[in-house]
Structure formats: C-alpha cells, structure tokens
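Take a look at the structure set out below.
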C-alpha cells in the first residue's frame, strides 16, 4: 500500500500551503532550497523537482 498521509491545506497570505512529510522529502532526495515544478491535471497536483539545465 502506498504511503499517503492525510495533510491539511493551510493559508499563508493570499496563497495556500501543504506540508510534505519529511519522510517523503528524504525518499525523493529533495532538500531545502530545491526548486519544484507544480502541475495541475483534473483534480490532482503533481510536484516534481526542477532539473538544472546542463551547459
């Protein structure tokens, strides 16, 4: 069964926030300061780490 924690949507100013559990962040290899891309498809969000362009 996939790890699907229940999280609460919060408000910050005119924006909203969702807290991602640290276990998920560690599993993804993400760290503070990484840039993420957020996509919208029907009733789902996708979040992926932005990969830096190679020169």
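Numbering (the numbering used here), first residue to last: 22 to 76. Every residue, glycine too, gets a C-beta built ideally from N, C-alpha and C.
| Query | Result |
| --- | --- |
| Run of the alpha helix (DSSP H) containing residue 72, from where it starts to where it stops | Looking at the DSSP string, residue 72 is not in any alpha helix (DSSP H), and its letter there is neither H nor E. |
| Where the alpha helix (DSSP H) through residue 49 begins and ends | 43-49 |
| Integer-rounded CB distance, given that residue 57 should sit under 8 Å from residue 71 | 6 Å |
| Extent of the continuous beta strand (DSSP E) to which residue 31 belongs | 31-33 |
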